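Notes to accompany the following structure.
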Amino acid sequence: MSSRNARFQVWQALLGNRNKRQRAGEFLVQGVRPISIAVEHGWPIRALIHDADRPLSRWAQDVLRGQRGAEQVSMAADLLAELGEKGENAPELIAVMEMPPDDLDRIKVEQDFLGVVFDRPTGPGNIGSIIRSADAFGADGLIVTGHAADAYDPKSVRASTGSIFALPSVRVPSQREVMEWVEARRTAGIPIVIVGTDEHGTVDIFDHDLTQPTLLLIGNETSGLSAAWKDLADQLVRIPMTGSASSLNAANAATAVLYEASRQRAHSFKTGGSGRP
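Here you go:
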């Protein structure tokens, strides 16, 4: 492909237009690590776009050989650079990924469940950063609620460094869908505890038992948790801080709480409890 034809324009629109991503059910991914993790986890790839003007690396050749079901498109380097949003440097390979359904049942819930809700986030980079932390500290999934930035925005995908393909991330309209899902799991015998993070929380995060099946609530970057989520939380916890800062960036706060949950669970496992190792 050497011109900005209709096909190129469709792919270019996926970068900046959420509605078009949603209608097409696809989004663009670049980078060795993200594409490799997507392949490892069996995500459907609709097309692989590669540089028509240079020899491909062994990695790129292996991906192309291993994804025979995906359409393979060679493209001029300057067009590939536009899709890669990298200025003059064209990525070697761009994958057009199929978007999974926003189905909460994609998230595995067992007795050691650890999940995260991000309520009405405005920054896609923060979504990706929380996905990365949730993956790193053993969470089972992320739920994005309300009118929010998109988990499949290129900034979110990049910030997740590939973890978006390892950790189920589901978008739902409101807390109502989440609570119906939680209640169904509770009825099935998994007593999920809803833990909201708030600077005015009544319990320090270190003093709350995070080895239970837990759904963590992270609020909007500016306004924090909604009143509705605060009312639904079984416990509101705070992160003790010193210094002049009164609060943390949403992604940093989520990372701190996820680390504490991981620490408690590792300690519980070592001492004969039920937390995961």
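Letter by letter, the sequence shown follows residues 110 to 386 of the working numbering. Positions of the beta carbon are idealized from the N, C-alpha and C atoms, including for glycine. Fair warning: this is a prediction, and the values are worked out from it, not measured in the lab.
Which residue's Cα is closest to the Cα of D318: V266, E369, A268?
It is E369 whose Cα lies nearest to the Cα of D318.
Would you kindly check if the distance between the Cβ of L325 and the Cβ of V205 is under 8 Å?
Taking 8 Å as the cut-off, the beta carbon of V205 is found no closer than this to the beta carbon of L325.
Go to G224, then tell me how far its beta strand (DSSP E) extends in each direction, as first and last residue.
223 to 228 is the span of the beta strand (DSSP E), which, as asked, contains G224.
DSSP state of G305, grouped into three classes?
If DSSP states are grouped into helix, strand and coil, G305 belongs with the strands.
Determine the DSSP secondary structure at A370, reduced to helix, strand or coil.
It is helical.
Mind checking who D313 pairs with in its DSSP beta bridge?
Beta-bridge pairing by DSSP links D313 to R347.
From S242 to A248, what does the alpha carbon distance come to, in whole angstroms?
Going by the C-alpha atoms only, they are around 9 Å apart.
If we count Cβ pairs, one from each stretch, closer than 8 Å, do we get three or more for the segment 283 to 291 versus the segment 333 to 346?
Taking a cut-off of 8 Å on C-beta distances, the segment 283 to 291 touches the segment 333 to 346, as three or more cross pairs fall below it.
Please classify V253 as buried or exposed, where buried requires at least 16 other C-beta atoms within 10 Å of its C-beta.
Buried is the call here.
Do you know whose CA, among V304, I146, D262, A337, lies nearest L367's CA?
The shortest Cα separation from L367 among V304, I146, D262, A337 belongs to V304.
Contact check, T270 vs P153, beta carbons under 8 Å
Between T270 and P153, the C-beta spacing is not below 8 Å.
In this structure, does DSSP put F246 in helix, strand or coil?
Here F246 sits in coil by DSSP.
So if DSSP puts V205 in a beta bridge, which residue, or which two residues, is it bridged to?
V205 pairs with L137, A156.
Taking V279 as the reference, give the member of G310, V302, R155, D228 with the closest Cα.
The option with the nearest alpha carbon to V279 is D228.
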